[in-house]
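A.B. asks: Just add 97 to the spot in the sequence shown (first one is 1) and you have my numbering. Think of the CB as a built atom: it goes at the ideal place given N, C-alpha and C, for glycine as much as any other residue.
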Amino acid sequence: MKVVVLGSGSIGMLTAFYLTKQWRSTLLVTNRIKQAEFIEEKGLHLLHQDGNSEMIHVTVESISTLEHEQIIDLLIVTVKSYQVEQVLKTIEASKLTISSILFLQNGMAHTELFSTISVPEIAVGVVEHGARRTNDYTVQHTGVGQIRWSYVRKHGSTVEAVFQETRDEKFQAKYEPMWKPMLQHKLVVNACINPLTALFGIRNGELLQNPHYYSILKQVFLEIMEVVDVRNKEQMWEYVCHISKETGANRSSMLSDLENKRKTEIDSIVGYLLRQAARKQMTMPILNFLFEAIKGIEKENKLGEANL
Numbered sequence: 098m099k100v101v102v103l104g105s106g107s108i109g110m111l112t113a114f115y116l117t118k119q120w121r122s123t124l125l126v127t128n129r130i131k132q133a134e135f136i137e138e139k140g141l142h143l144l145h146q147d148g149n150s151e152m153i154h155v156t157v158e159s160i161s162t163l164e165h166e167q168i169i170d171l172l173i174v175t176v177k178s179y180q181v182e183q184v185l186k187t188i189e190a191s192k193l194t195i196s197s198i199l200f201l202q203n204g205m206a207h208t209e210l211f212s213t214i215s216v217p218e219i220a221v222g223v224v225e226h227g228a229r230r231t232n233d234y235t236v237q238h239t240g241v242g243q244i245r246w247s248y249v250r251k252h253g254s255t256v257e258a259v260f261q262e263t264r265d266e267k268f269q270a271k272y273e274p275m276w277k278p279m280l281q282h283k284l285v286v287n288a289c290i291n292p293l294t295a296l297f298g299i300r301n302g303e304l305l306q307n308p309h310y311y312s313i314l315k316q317v318f319l320e321i322m323e324v325v326d327v328r329n330k331e332q333m334w335e336y337v338c339h340i341s342k343e344t345g346a347n348r349s350s351m352l353s354d355l356e357n358k359r360k361t362e363i364d365s366i367v368g369y370l371l372r373q374a375a376r377k378q379m380t381m382p383i384l385n386f387l388f389e390a391i392k393g394i395e396k397e398n399k400l401g402e403a404n405l
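1. How do the region 195-206 and the region 249-259 stand: do at least 3 beta-carbon pairs fall below 8 Å, yes or no?
2. What separation, rounded to the nearest whole angstrom, lies between the Cα atoms of Tyr336 and Glu166?
3. By Cβ distance, which residues of its chain are closer than 6 Å to Ser107, with the 5 residues on each side in sequence left out?
4. Who pairs with Glu395 in a beta bridge, going by DSSP?
5. Name the two residues that bound the continuous beta strand (DSSP E) containing Gly240.
6. Measure the Cβ-Cβ separation of Thr117 and Ile160 and say whether it is below 8 Å.
7. Just reading off the beta strand (DSSP E) that His142 is part of, what are its end residues?
8. Which residues mark the beginning and the end of the beta strand (DSSP E) in which Asn301 is found?
9. Suppose you measure from the CA of Val176 to the CA of Glu273; what does that come to, to the nearest Å?
10. Looking at Leu352: is its Cβ nearer than 8 Å to the Cβ of Asn398?
11. Taking only runs that begin and end inside the region 189-263, name each unbroken alpha helix (DSSP H) of 4 or more residues, in chain order.
12. If we count the other Cβ atoms within 10 Å of its Cβ and call it buried at 16 or more, is Tyr291 buried or exposed?
13. Any idea what DSSP makes of Gly106, helix, strand or coil?
14. Answer with buried or exposed for Glu262, where buried requires no fewer than 16 other C-beta atoms within 10 angstroms of its C-beta.
15. So Ile321 packs on Leu387, CB below 8 Å; how close in whole Å?
16. Please identify the residue among Gly393, Met379, Cys338 and Leu103 whose C-alpha is closest to the C-alpha of Lys358.
17. Based on the DSSP secondary-structure assignment, which residues constitute the bridge partners of Ser349?
18. So Ser365 packs on Tyr179, CB below 8 Å; how close in whole Å?
19. Identify which residue in Val221, Tyr115, Ser122 and Val126 has its Cα closest to the Cα of Gly103.
20. Measuring straight from C-alpha to C-alpha, what distance separates Phe135 and Leu210?
21. What residue range does the alpha helix (DSSP H) around Ser341 cover?
22. To the nearest angstrom, how far is the alpha carbon of Ser196 from that of Ile173?
23. Hey, quick one: how far does the beta strand (DSSP E) through Val285 stretch, first residue to last?
24. Does any residue of chain D bring its CB to less than 8 Å from the CB of Ser122?
25. Three-state secondary structure (DSSP) at Gln406?
Shown next, in the form of structure tokens:
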């Protein structure tokens with residue numbers, strides 16, 4: 098069975114590392130040729146929480162040199178949410194034969210593209226691991242969690258077969274029977290924590306420690322609850338606070354993106370919620386403020402780059 102991990106950020110590298118231990122036919126596809134060359138030359142390195150490190154040889158290609166018309170049993174897409182549409186176009190142009198595809202993105206904007214995908218089996222997942230790419234061939238496993246996943250469209254149970262063979266205690270997968278509630282729960286957490294930490298330049302835990310930040314966090318949450326259909330709102334609020342506490346020392350991916358002058362996933366997270374609200378003819382002033390604020394910083398970062 099051939100497994101391809103498309104995307105070589107922290108989650109892509111982490112996934113490729115652990116899957117390669119189980120599946121020798123795992124291929125990691127990078128965006129840049131230079132990164133592919135580094136990994137091929139030096140191997141893929143993983144730094145554990147205890148300070149120990151491992152190196153494994155991974156088959157790697159850049160997307161520009163990816164062999165066309167090949168057969169792939171499972172394609173795991175780990176690119177940023179705003180890159181998914183272009184990736185799907187590249188896959189179509191490459192005439193790849195794909196039996197199953199698993200999407201591991203923040204937010205839910207990528208789910209709006211599912212109706213255009215002809216792959217027989219589609220699954221989605223949420224990543225609860227902490228990971229940070231330290232260079233082009235090294236990923237740091239900052240927090241051991243799990244991948245929760247679910248089928249959107251089942252055909253052949255390929256995803257299930259792959260994860261059943263992945264028995265490493267540091268890389269567990271859990272099947273969820275309903276994909277939409279699973280993604281919505283992660284969406285709520287991301288929409289509450291990521292924009293605020295990015296806007297204020299703070300770590301996740303500070304949202305609970307500072308009473309003023311905490312008050313804003315609660316207001317954001319209550320507005321999100323007007324859009325998202327969550328049965329137990331009190332339990333959902335407790336979950337948001339739990340994640341903020343458990344990842345208290347972490348810097349959110351959105352904060353990291355802004356600090357490194359990269360595009361964020363605000364469109365897939367808050368933008369998705371605003372589009373859902375618009376369909377219901379609802380106004381979301383707080384979410385709209387967060388969206389415009391983050392987009393404004395993104396634009397300023399681009400202007401800053403242009404002036405260098």
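C.D. replies: Looking at the coordinates:
1. yes
2. Translated into positions along the sequence shown, residue 336 becomes position 239. Translated into positions along the sequence shown, residue 166 becomes position 69. Cα-Cα distance, rounded: 44 Å.
3. Numbered from 1 along the sequence shown, position 10 holds the residue referred to as residue 107. Ala228, Arg229, Arg230 and Val236, listed in sequence order.
4. For the purposes of this step, residue 395 is taken as the residue at position 298 of the sequence shown. Partner(s): none; Glu395 has no beta bridge.
5. As a first step, residue 240 must be located in the sequence shown, where it is residue number 143. Thr235 to Gly240 is the span of the beta strand (DSSP E), which, as asked, contains Gly240.
6. Translated into the one-based positions of the sequence shown, residue 117 becomes position 20. Translated into the one-based positions of the sequence shown, residue 160 becomes position 63. Going by C-beta atoms, Thr117 is not nearer than 8 Å to Ile160.
7. Along the sequence shown, read from residue 1 onward, the residue named residue 142 stands at position 45. Where His142 is concerned, the enclosing beta strand (DSSP E) stretches over Leu141 to Leu144.
8. By 1-based counting over the sequence shown, the position of residue 301 is 204. Here Asn301 belongs to no beta strand (DSSP E), and DSSP marks it neither H nor E.
9. Along the sequence shown, read from residue 1 onward, the residue named residue 176 stands at position 79. Along the sequence shown, read from residue 1 onward, the residue named residue 273 stands at position 176. One C-alpha to the other measures close to 22 Å.
10. For the purposes of this step, residue 352 is taken as residue 255 along the sequence shown, with counting starting at 1. For the purposes of this step, residue 398 is taken as residue 301 along the sequence shown, with counting starting at 1. Contact flag unset, no.
11. 255-261
12. Counting from one through the sequence shown, the residue named residue 291 turns up at place 194. For the sequence presented, residue 291 should be read as Asn rather than Tyr. Asn291 is buried by the Cβ-count criterion.
13. Start at 1 with the first residue of the sequence shown, and residue 106 comes out as number 9. Gly106: coil per DSSP, three-state reduction.
14. Locating residue 262 in the sequence shown gives position 165, counting from the first residue. Burial call: exposed.
15. Sequence index remark: in the sequence shown, residue 321 carries index 224 (1-based). Sequence index remark: in the sequence shown, residue 387 carries index 290 (1-based). The Cβ separation is near 11 Å, so there is no contact.
16. Locating residue 358 in the sequence shown gives position 261, counting from the first residue. Here the closest residue by C-alpha is Gly393.
17. Taking the sequence shown and counting its residues from 1, one reaches residue 349 at position 252. Answer by DSSP bridge pairing: none, since Ser349 is not bridged.
18. Here the question's residue 365 lines up with position 268 in the sequence shown. Here the question's residue 179 lines up with position 82 in the sequence shown. So it is a contact: roughly 6 Å between Cβ atoms.
19. Counted from its first residue, the sequence shown places residue 103 at position 6. In the sequence as presented, Gly is not what sits at residue 103; that position holds Leu. Among Val221, Tyr115, Ser122 and Val126, the Cα nearest to that of Leu103 belongs to Val126.
20. In the sequence shown, residue 135 corresponds to position 38, counting from 1. In the sequence shown, residue 210 corresponds to position 113, counting from 1. Cα to Cα, Phe135 sits roughly 33 Å from Leu210.
21. Mapped onto the sequence shown, residue 341 falls at position 244. Where Ser341 is concerned, the enclosing alpha helix (DSSP H) stretches over Lys330 to Glu343.
22. As a working mapping, residue 196 is identified with position 99 in the sequence shown. As a working mapping, residue 173 is identified with position 76 in the sequence shown. Between Ser196 and Ile173, the C-alpha separation is close to 11 Å.
23. In the sequence shown, the residue the question calls residue 285 occupies position 188. Careful: Val285 lies outside any beta strand (DSSP E), inside the alpha helix (DSSP H) at Trp276 to Phe297.
24. Among the chains in the structure shown there is no chain D, since it carries only a single protein chain.
25. Lying before the first or after the last residue shown, residue 406 is absent from the chain, which here runs from 98 to 405.
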